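**Student:** Count along the sequence shown from 1, then add 605; that gives the number in the working numbering. Take this structure first; my questions come after.
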Amino acid sequence: MTKYTYTEKKDTRSGFGAGLVEAGRKNPNVVALCADLIGSLKMGDFIKEFPERFVQVGIAEANMMGIAAGMTIGGKIPFTGTFANFSTSRVYDQIRQSIAYSEKNVKICASHAGLTLGEDGATHQVLEDIGMMKMLPNMTVINPCDYNQTKAATLALVDYEGPAYLRFGRPAWPIFTDPNQKFEIGKAINFVEGSDVSIFATGHMLWLAIEAEEILAEQGISAEIINIHTIKPLDAKAILESVEKTGCAVSAEEHQIAGGLGESISSLLARNNPKPLEIIGVDDSFGESGKPVELLAKYGLSVENIVEAAKKAIARKNA
Numbered sequence: 606m607t608k609y610t611y612t613e614k615k616d617t618r619s620g621f622g623a624g625l626v627e628a629g630r631k632n633p634n635v636v637a638l639c640a641d642l643i644g645s646l647k648m649g650d651f652i653k654e655f656p657e658r659f660v661q662v663g664i665a666e667a668n669m670m671g672i673a674a675g676m677t678i679g680g681k682i683p684f685t686g687t688f689a690n691f692s693t694s695r696v697y698d699q700i701r702q703s704i705a706y707s708e709k710n711v712k713i714c715a716s717h718a719g720l721t722l723g724e725d726g727a728t729h730q731v732l733e734d735i736g737m738m739k740m741l742p743n744m745t746v747i748n749p750c751d752y753n754q755t756k757a758a759t760l761a762l763v764d765y766e767g768p769a770y771l772r773f774g775r776p777a778w779p780i781f782t783d784p785n786q787k788f789e790i791g792k793a794i795n796f797v798e799g800s801d802v803s804i805f806a807t808g809h810m811l812w813l814a815i816e817a818e819e820i821l822a823e824q825g826i827s828a829e830i831i832n833i834h835t836i837k838p839l840d841a842k843a844i845l846e847s848v849e850k851t852g853c854a855v856s857a858e859e860h861q862i863a864g865g866l867g868e869s870i871s872s873l874l875a876r877n878n879p880k881p882l883e884i885i886g887v888d889d890s891f892g893e894s895g896k897p898v899e900l901l902a903k904y905g906l907s908v909e910n911i912v913e914a915a916k917k918a919i920a921r922k923n924a
């Protein structure tokens with residue numbers, strides 16, 4: 606069994622900031638735009654190194670999307686930055702019409718997503734963004750799991766042609782993936798091989814799934830852990846092969862159950878190989894102010910919830 610550990614915690618938004626600087630060095634057409642949240646999006650280093658390639662649009666998110674779309678016509682690769690709530694809900698019309706429909710090469714980079722935003726509360730803890738963005742034709746949706754993977758995903762987007770949504774978060778979180786990894790858009794990663802149940806996790810929830818796998822192993826249950834960092838396009842082959850082997854599955858995400866990763870997997874299984882699936886996510890509710898880990902527990906997104914969901918999926922399979 607692979608044993609994952611970590612020596613450091615760091616916020617995934619800092620992974621974006623580090624990746625953005627390297628992206629700027631990699632390609633002179635990379636530009637950045639921000640809606641008055643430079644510090645929160647960790648864009649400061651990019652601005653210091655490439656001041657002429659940065660646009661501060663102020664608190665005008667819709668305008669930012671329009672400017673970004675226009676910049677692509679001149680061959681630029683714009684990375685927009687603001688909170689996930691403002692990157693989606695506030696500007697959905699502009700994204701749909703000017704970016705997705707027009708297939709503009711804009712990278713929509715969204716921080717402070719999910720319950721782990723914490724104390725800022727329900728108004729900022731967007732839990733609907735993945736659903737909104739994955740429904741848009743031509744839109745790629747990426748939700749990396751730690752600092753290193755977020756940095757790698759940011760760099761991968763430089764070479765990816767087309768609209769993309771990159772989701773990351775605020776809290777310090779375990780760093781447990783390879784700092785030199787190659788990020789492949791649309792390619793799931795098998796972290797732990799297992800035979801009794803497949804656990805598909807995305808974003809912050811992957812670390813909790815790894816912790817849940819260790820508990821299950823101690824109880825004699827072999828769980829397969831797969832990192833679904835790209836929610837659209839979904840790696841259907843990896844998912845179907847894993848569930849064919851284990852016979853049941855759990856999905857875990859920091860998002861509404863409605864419209865999220867679990868629904869995508871459920872639809873895939875229903876159309877190809879129906880098997881028991883338990884979905885860990887927020888069940889039709891807004892969040893609230895609180896500490897990140899405590900909020901995950903309150904809303905049913907804890908390690909213990911994943912363990913119980915795995916056991917329930919296995920029981921359904923055996924029945």
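Ideal placement from N, C-alpha and C gives every residue a C-beta, glycine not left out. In this text the structure is predicted, and so the values were computed from the model without any measurement.
(1) Look up V908 in the DSSP assignment and say whether it is helix, strand or coil.
(2) In chain order, what residues of the same chain lie with their CB nearer than 8 Å to the CB of G973, ignoring the 5 residues before and after it?
(3) Can you name the start and end residues of the alpha helix (DSSP H) that N668 belongs to?
(4) Could you give the C-beta distance for N878 and L845, rounded to a whole number, given that I count them as a contact under 8 Å?
(5) With DSSP run on the structure shown, which of helix, strand or coil describes Y611?
(6) Excluding five sequence neighbours on each side, which residues of the same chain lie with their C-beta closer than 7 Å to the C-beta of M738?
(7) Excluding the 5 residues flanking D641 on each side, which residues of the same chain have their C-beta closer than 6 Å to its C-beta?
(8) So, with DSSP's three-state summary, where would you put T745?
(9) Can S716 and A689 be called in contact, C-beta distance under 9 Å?
(10) With DSSP as the reference, label A640 as helix, strand or coil.
(11) Which term fits A924, buried or exposed, when burial requires 16 or more other beta carbons within 10 angstroms of its beta carbon?
(12) With a threshold of 6 Å on Cβ separation, who are the neighbours of A673 within its own chain once the five nearest residues in sequence on each side are excluded?
(13) Evaluate Q702 with the Cβ neighbour count: other Cβ atoms within 10 Å of its Cβ, from every protein chain shown; 16 or more gives buried, anything less gives exposed.
(14) In terms of alpha-carbon separation, which member of L873, D783, W778 and E859 lies closest to S907?
(15) Which residues does DSSP pair with K837 in a beta bridge?
(16) Report yes if the C-beta of Y706 is less than 8 Å from at least one heavy atom of the ligand ADP; otherwise report no.
(17) Take K647 and list the residues in its own chain whose beta-carbon comes closer than 7 Å to its own, dropping the five residues that flank it on each side.
(18) Any chance you could list the beta strand (DSSP E) runs of at least 3 consecutive residues sitting entirely within the stretch 699-726, in chain order?
(19) Between which two residues does the alpha helix (DSSP H) holding I627 run?
(20) For A727, I'd like the list of residues in its chain whose CB is within less than 6 Å of its CB, leaving aside the five on either flank, ordered along the chain.
(21) With distances taken from CA atoms, which of E909, A918 and N634 is nearest D764?
(22) For M676, count the other beta carbons within 10 Å of its own beta carbon; 16 or more makes it buried, fewer makes it exposed. Which is it?
(23) Exposed or buried, which one is K928 when buried takes at least 16 other CB atoms within 10 Å?
**Tutor:** The short version:
(1) Taking the first residue of the sequence shown as 1, we reach residue 908 at position 303. V908 falls in the helix class under three-state DSSP.
(2) Because the chain in this structure spans residues 606 to 924, residue 973 falls outside the shown range and cannot be described.
(3) As a first step, residue 668 is located in the sequence shown; it is residue number 63 there, counting from the start. If you look at N668, you'll find it in the alpha helix (DSSP H) that goes E666 to I678.
(4) As a position in the sequence shown, residue 878 is number 273, starting the count at 1. As a position in the sequence shown, residue 845 is number 240, starting the count at 1. Distance from N878 to L845 at the Cβ level is roughly 6 Å; contact confirmed, criterion being Cβ atoms closer than 8 Å.
(5) Translated into positions along the sequence shown, residue 611 becomes position 6. The three-state reading of DSSP puts Y611 in coil, since its state is none of H, G, I, E or B.
(6) Translated into positions along the sequence shown, residue 738 becomes position 133. The answer, listed in chain order, is T693, M744, V746 and Y770.
(7) Locating residue 641 in the sequence shown gives position 36, where the first residue counts as 1. G663 and I664.
(8) Numbered from its first residue, the sequence shown carries residue 745 at position 140. The three-state reading of DSSP puts T745 in strand, counting E and B together.
(9) Translated into positions along the sequence shown, residue 716 becomes position 111. Translated into positions along the sequence shown, residue 689 becomes position 84. Pairing S716 with A689 gives a Cβ-Cβ distance under 9 Å.
(10) As a first step, residue 640 must be located in the sequence shown, where it is residue number 35. Judged by DSSP in its simplified three-state form, A640 adopts coil rather than helix or strand.
(11) Residue numbering aside, residue 924 sits at position 319 when the sequence shown is read from its first letter. So A924 ends up on the exposed side.
(12) In the sequence shown, counting from the first residue as 1, residue 673 sits at position 68. Counting only Cβ-Cβ distances below 6 Å, and skipping sequence neighbours, we find L638, P683, T685 and V711.
(13) Locating residue 702 in the sequence shown gives position 97, where the first residue counts as 1. The residue in question, Q702, is exposed, as its Cβ has fewer than 16 Cβ neighbours within 10 Å.
(14) Mapped onto the sequence shown, residue 907 falls at position 302. Of the candidates L873, D783, W778 and E859, the one whose C-alpha sits nearest the C-alpha of S907 is E859.
(15) Translated into the one-based positions of the sequence shown, residue 837 becomes position 232. Answer is V746, bridged to K837.
(16) No copy of the ligand ADP appears in this structure; indeed no ligand is present at all.
(17) The residue labelled residue 647 in the question sits at position 42 within the sequence shown. So the list reads R618, S619, F621 and G622, once near-sequence residues are dropped.
(18) Given a length threshold of 3 residues, each whole run of the beta strand (DSSP E) inside the stretch 699-726 is given here in chain order: 712-716.
(19) Counting from 1 along the sequence shown, the entry for residue 627 is found at position 22. As written in the sequence, residue 627 is Glu, which differs from the Ile given in the question. The continuous alpha helix (DSSP H) containing E627 extends over residues T617 to K631.
(20) Here residue 727 corresponds to residue number 122 of the sequence shown, with the count starting at 1. Excluding positions up to five away in sequence, the list reads F891, G892 and E893.
(21) The residue given as residue 764 occupies position 159 in the sequence shown. Nearest neighbour of D764 by Cα position, chosen from E909, A918 and N634, turns out to be N634.
(22) Sequence index remark: in the sequence shown, residue 676 carries index 71 (1-based). M676 is classed as buried because its beta carbon has at least 16 other beta carbons within 10 Å across all chains shown.
(23) This structure leaves residue 928 out entirely; the chain is present only between 606 and 924.
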